[in-house]
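As given, the protein sequences belong to chains H and R, one line each in that order.
Heads up, the first sequence is in the numbering used here, so the first residue is 2 and it goes up one at a time.
Heads up, the second sequence is in the numbering used here, so the first residue is 203 and it goes up one at a time.
In this text, a Cβ means the ideal position worked out from N, Cα and C, and glycines have one as well.
Everything on this sheet refers to the single structure shown next.
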Amino acid sequence: MKKDIILAGVGGQGILSIAAIIGYAAVESGYYLKQAEVHGMSQRGGDVQSHLRISDKEIFSDLIPQGGADLIISVEPMEALRYLPFLSEVGWLITNINTFENIPDYPDKAALLEVIKAFPRNVALDAEQIAKDLGSNRMMNMVVLGAASPFLELNYDELEKGIKFIFGRKGDKVVESNLLAMKAGREISDKR
Amino acid sequence: MKKLLLLGDEAVAQGALDSGLSGAFGYPGTPSTEIIEYIQRNKAAIERDVCRTWSANEKTAMEEALGMSYAGKRTLVTMKHVGLNVAADAYMNSALTGANGGVIVAVADDPSMHSSQNEQDSRFYAKFALMPALEPSNQQEAYDMPEYAFQLSENFNLPVMLRLTTRLAHSRAGVTRKEVLDENEMHLPENPSQFMLLPAFARKNYQKLLSNQEGLLQESENSPFNQYTEGEDKSLGIIACGLAYNYLMENYVDSVCPYSVLKIGQYPLPRKLVKKITAECDKILVLEEGMPIVEEMLKGFLNGNSVIKGRLDGSLPRAGELNPALVRKALGMEDLVSEKIPEIVAGRPPALCLGCPHADTYKALNEVLEPYGKGHVFSDIGCYTLGFLPPYNAIDTCVCMGASITMAIGAAEAGLFPAIATIGDSTFGHSGITGLLDGVKKQANIVVFILDNDTVAMTGMQDSQVTGRIEDICLGVGVEKEHVRVINPLSRLNDENVKIIKEEIDYNGVSVIIPRRPCIHVYSKRKR
Numbered sequence: 002m003k004k005d006i007i008l009a010g011v012g013g014q015g016i017l018s019i020a021a022i023i024g025y026a027a028v029e030s031g032y033y034l035k036q037a038e039v040h041g042m043s044q045r046g047g048d049v050q051s052h053l054r055i056s057d058k059e060i061f062s063d064l065i066p067q068g069g070a071d072l073i074i075s076v077e078p079m080e081a082l083r084y085l086p087f088l089s090e091v092g093w094l095i096t097n098i099n100t101f102e103n104i105p106d107y108p109d110k111a112a113l114l115e116v117i118k119a120f121p122r123n124v125a126l127d128a129e130q131i132a133k134d135l136g137s138n139r140m141m142n143m144v145v146l147g148a149a150s151p152f153l154e155l156n157y158d159e160l161e162k163g164i165k166f167i168f169g170r171k172g173d174k175v176v177e178s179n180l181l182a183m184k185a186g187r188e189i190s191d192k193r
Numbered sequence: 203m204k205k206l207l208l209l210g211d212e213a214v215a216q217g218a219l220d221s222g223l224s225g226a227f228g229y230p231g232t233p234s235t236e237i238i239e240y241i242q243r244n245k246a247a248i249e250r251d252v253c254r255t256w257s258a259n260e261k262t263a264m265e266e267a268l269g270m271s272y273a274g275k276r277t278l279v280t281m282k283h284v285g286l287n288v289a290a291d292a293y294m295n296s297a298l299t300g301a302n303g304g305v306i307v308a309v310a311d312d313p314s315m316h317s318s319q320n321e322q323d324s325r326f327y328a329k330f331a332l333m334p335a336l337e338p339s340n341q342q343e344a345y346d347m348p349e350y351a352f353q354l355s356e357n358f359n360l361p362v363m364l365r366l367t368t369r370l371a372h373s374r375a376g377v378t379r380k381e382v383l384d385e386n387e388m389h390l391p392e393n394p395s396q397f398m399l400l401p402a403f404a405r406k407n408y409q410k411l412l413s414n415q416e417g418l419l420q421e422s423e424n425s426p427f428n429q430y431t432e433g434e435d436k437s438l439g440i441i442a443c444g445l446a447y448n449y450l451m452e453n454y455v456d457s458v459c460p461y462s463v464l465k466i467g468q469y470p471l472p473r474k475l476v477k478k479i480t481a482e483c484d485k486i487l488v489l490e491e492g493m494p495i496v497e498e499m500l501k502g503f504l505n506g507n508s509v510i511k512g513r514l515d516g517s518l519p520r521a522g523e524l525n526p527a528l529v530r531k532a533l534g535m536e537d538l539v540s541e542k543i544p545e546i547v548a549g550r551p552p553a554l555c556l557g558c559p560h561a562d563t564y565k566a567l568n569e570v571l572e573p574y575g576k577g578h579v580f581s582d583i584g585c586y587t588l589g590f591l592p593p594y595n596a597i598d599t600c601v602c603m604g605a606s607i608t609m610a611i612g613a614a615e616a617g618l619f620p621a622i623a624t625i626g627d628s629t630f631g632h633s634g635i636t637g638l639l640d641g642v643k644k645q646a647n648i649v650v651f652i653l654d655n656d657t658v659a660m661t662g663m664q665d666s667q668v669t670g671r672i673e674d675i676c677l678g679v680g681v682e683k684e685h686v687r688v689i690n691p692l693s694r695l696n697d698e699n700v701k702i703i704k705e706e707i708d709y710n711g712v713s714v715i716i717p718r719r720p721c722i723h724v725y726s727k728r729k730r
């Protein structure tokens, strides 16, 4: 078992929560894990990424080699494309389609989604709408995690435990809605 | 025991705590910040009351650590690479005083300058100071090295550098803990002149430092962190330092590396092991994260007959951090197939957050400075440096901590009018106060903005040393009371703020304007 995952988004969008939950599930399943994060200046609204590596063998590099990633999981469509050089020939692109436009030259949204749709192995979903329907668009990242979950080769139960572990402090209600958000994302991928 | 999932920084912190740490001193700086942050929230550290508050700057931190070592206890001092420049006076001399209780100087370098002004390699400082250095390749070593370093430090009565780089500092992996050691009892140095660097004593101490070098070399030759693995193919030998070892092994996950490999985790460089690999192999490839220090040492001045490949001959890029693909190319292996970034993707540089108080300050400042044209604003290190970028284009320089005020003084003395400095509250506490004192003494015609957002924002909301004290400091330094002005940077108060800025520019002397409004992240946390 080996899964190399690039998590992508904009500083403040919550990719580290996704990383923490997958990481929790991976460690609980007895796998090796390495997870490189971006701290510092880029967190101020810049592009951020996390390299998440899971394996049943010892992992060396903290960074995923170019052309070596099994998955890109992105909470923002343009950021999904930024890391295509990391994706392997058979890798999948899972992304939210809601743009985060904090730069003056942000590309045309329709054209951007065209590029994503043209990519042969993609799951592109309106995670913000799904999260909003469930009560809060802040859970958008959990919807994206749900959509990525069938590609992770981790038990879904372990991911659920991860959500309970990470959000436990915030109370049962928050845990419950995040579990629902992940499930809604999962259903999108299962229906595909 | 169950593994802990720790960042490289956190592993250093946990390793030090488990090795009898009594105090950690430092100033926040990416990528080193999380070492002390971890100690600050660690339950055992709180129970033991390990000293763990931030210091005003890296120099004060280094000196505080030295004081704790003098009193016989184990101490850790943390900083980013450029922070070591600030600490350098204390750091260089600490090699001569040496340590009593063990001292670890943990420095996190930032090759590729993800969050820094340069990519200087702290191993040069270790060599410069004749101090041993350790360089972990993974989180487990980052955890294991502090105990080893404290022992080395106490055996040789010498501080030990622990050098990290960004990718290890900010990457998480499982770490197995060992048993927890007790803290040292307080005890003063056996030699009463150990910490006395009057020239006559300093010369003696320097001789001792020099005579210790052979012993430090022996330690490196026998170090568990320096490992030689013989390979079958002798056409190439590889010296891989710290994190670079991982990028090498990444390319042999499904096979065995055919070449001899010398993994380096402790300096001074083990001479015998290096001689062995250079003698056995036709060519040598040096992989090191940062600058080509080992490669230069191997090449020497006259470069013997051996072929040394690395950053200096173009096998690897001269600048920037390494990664598996770069190392792969240096090994002569083919690139993995990969896509290009689609053309539609635009760059997304970091920016001031929506609602940031600095944005409103810059708006008012820009309005006032419009008639004077560009080139009047000297700035500093922090979130507000992002004011250089559009749409603000509000500042002109960023050099090092504190340089805003002092460069404004120099420019004003050269005749530039107006000469404006913008500096954050924490940076002011770090290195701005002495500059302001210069301004007052020289009666320089400058306007200093101390942007007070109540926190060290860029590195992630650490406590600022000067919160609640800024006006008192300015008055104490000698700025006139009527020229220390506090404004509230809000766009609805823009006209009022513009008026105040104009008045202070018109005043011929040192003015301080303090735009005061909490960072929006601090504000929203308090509201919750």
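- Assigned with DSSP and collapsed to three states, Glu536 (chain R) falls in coil, not helix or strand.
- DSSP places Lys165 (chain H) in no beta strand (DSSP E) but in the uninterrupted alpha helix (DSSP H) bounded by 157-168.
- Annotation: Cβ neighbours of Tyr107 (chain H) in chain R (cutoff 8 Å, chain order): Ala548.
- Within the same chain, and ignoring the five residues on either side of Ala70 (chain H) in sequence, the residues whose Cβ sits closer than 7 Å to its Cβ are Asp5, Ile6, Ile7, Phe87, Leu88, Ser89, Gly92.
- Taking a 10 Å sphere around the C-beta of His389 (chain R), we find fewer than 16 other C-beta atoms and assign the residue as exposed.
- Taking 8 Å as the Cβ-Cβ cut-off, the region 652-663 of chain R approaches chain H at Met660, Thr661, Gly662, given in chain order.
- Assigned with DSSP and collapsed to three states, His40 (chain H) falls in coil, not helix or strand.
- A Cβ-Cβ distance of about 20 Å is found for the pair Gly228 (chain R) and Thr299 (chain R), leaving them out of contact under the 8 Å criterion.
- One Cα belongs to Ile74 (chain H), the other to Tyr725 (chain R), and the distance between them is close to 31 Å.
- The beta strand (DSSP E) runs lying completely inside the region 33-116 of chain H and spanning 3 residues or more are 33-37, 48-56, 70-75, 88-97, given in chain order.
- If you ignore the 5 residues before and after Asp211 (chain R), its C-beta comes within less than 6 Å of the C-beta of Glu236, Ile237, Ala371, all in its own chain and listed in chain order.
- The beta-carbon of Ala218 (chain R) is placed no less than 7 Å from the nearest beta-carbon of chain H.
- Sequence-distant Cβ neighbours of Gln341 (chain R) in its own chain, meaning closer than 8 Å and more than five residues away, are Leu208, Leu209, Gly210, Ala213, Leu370, Ser373, Arg374, Ala375, Gly376, Val377.
- By the neighbour-count criterion, in which 16 or more other beta carbons inside 10 Å mark a residue as buried, Asp697 (chain R) falls on the exposed side.
- With a threshold of 16 other beta carbon atoms within 10 Å, Glu523 (chain R) meets it and is buried.
- Annotation: the continuous alpha helix (DSSP H) that includes Asp697 (chain R) extends over 696-708.
- The Cβ-Cβ distance between Leu126 (chain H) and Ile189 (chain H) falls below 7 Å.
- Under the Cβ criterion (8 Å, minimum of three pairs), the region 600-609 of chain R counts as touching the region 620-640 of chain R.
- Beta-bridge annotation (DSSP): Arg374 (chain R) is paired with H:Gln36, R:Leu209.
- Those residues of the region 370-386 of chain R placed with their C-beta closer than 7 Å to a C-beta in chain H are Leu370, His372, Ser373, Arg374, Ala375, Gly376, ordered along the chain.
- Residue nearest to Pro233 (chain R) within the set R:Thr368, R:Glu265, R:Leu206, R:Leu412 is R:Thr368 (criterion: CA-CA distance).
- When rounded, the separation of the alpha-carbon atoms in Lys565 (chain R) and Leu695 (chain R) is 11 Å.
- Looking at the backbone, the Cα of Arg254 (chain R) and that of Leu518 (chain R) are separated by about 40 Å.
- Contact between the region 353-363 of chain R and the region 292-311 of chain R is present: 3 or more CB-CB pairs across the two stretches fall below 8 Å.
- For the options R:Pro544, R:Leu450, R:Pro472, R:Glu385, the alpha carbon positioned closest to that of Met535 (chain R) is the one of R:Leu450.
- Val76 (chain H) is not a Cβ neighbour of Gly12 (chain H), given a cutoff of 7 Å.
- When Cβ-Cβ separations below 7 Å define contact, Gly92 (chain H) makes no contact with chain R.
- For a Cβ distance threshold of 7 Å, residue set Ala553 of chain R lies close to Asn103 (chain H), ordered along the chain.
- Linking Ser150 (chain H) to Glu102 (chain H) through their CA atoms gives a straight-line distance of about 27 Å.
- Put simply, the CB of Asn448 (chain R) is near chain H, with a gap under 7 Å to one of its CB atoms.
- Boundaries cannot be given for Pro620 (chain R), as no beta strand (DSSP E) includes it and DSSP labels it neither H nor E.
- Going by C-alpha positions, Gly626 (chain R) is about 15 Å away from Met42 (chain H).
- Against chain R, a Cβ distance below 7 Å from Phe168 (chain H) picks out nothing, because the smallest value is about 15 Å.
- Residue-level contact by beta carbon fails for Asp5 (chain H) and chain R, as no gap is shorter than 7 Å.
- Ile60 (chain H) and Tyr33 (chain H) do touch by the CB rule: their CB atoms are close to 5 Å apart, below 8 Å.
- Ranked by Cα distance from Gly439 (chain R), the first of R:Ile486, R:Lys644, R:Ile703 is R:Ile486.
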